[in-house]
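A.B. asks: Structure incoming, see below.
In the numbering used here, the protein residues as written are 36 to 110.
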């Protein structure tokens with residue numbers, strides 16, 4: 036089966052065949068769908084990492100202000 040797919044793809048690339056068979060069409064569609072899904076998941080993952088960094092930074096700033104208030108309140 037893998038040999039068939041490779042030979043079909045090579046035939047398409049080098050112009051020996053005009054249209055891919057149904058099997059190759061479905062494999063190409065599946066590959067594109069997986070690649071697209073992977074890209075979307077990577078974008079979501081990057082977005083989540085950015086959100087976590089923003090939250091950590093925000094809480095660090097709050098802690099710094101709280102420590103400053105405690106120090107100034109004791110004077």
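We treat Cβ as the ideally placed atom computed from N, Cα and C, and that holds for glycine. Quantities reported herein were computed from a predicted structural model and do not represent experimental measurements.
Determine whether the Cβ of residue 88 lies closer than 8 Å to any Cβ atom of chain B.
C.D. replies: In summary, chain B is missing from the structure at hand, where a single protein chain is found.
A.B. asks: Between the C-alpha atoms of residue 69 and residue 97, what's the straight-line distance to the nearest angstrom?
C.D. replies: Distance between the alpha carbons of residue 69 and residue 97: 42 Å.
A.B. asks: Take residue 60 as the anchor and find which of 71, 44, 74 has the nearest alpha-carbon.
C.D. replies: Residue 44 is the option with its Cα nearest to residue 60.
A.B. asks: If you draw a straight line from the C-alpha of residue 41 to the C-alpha of residue 88, how long is it?
C.D. replies: Going from the Cα of residue 41 to the Cα of residue 88 covers about 44 Å.
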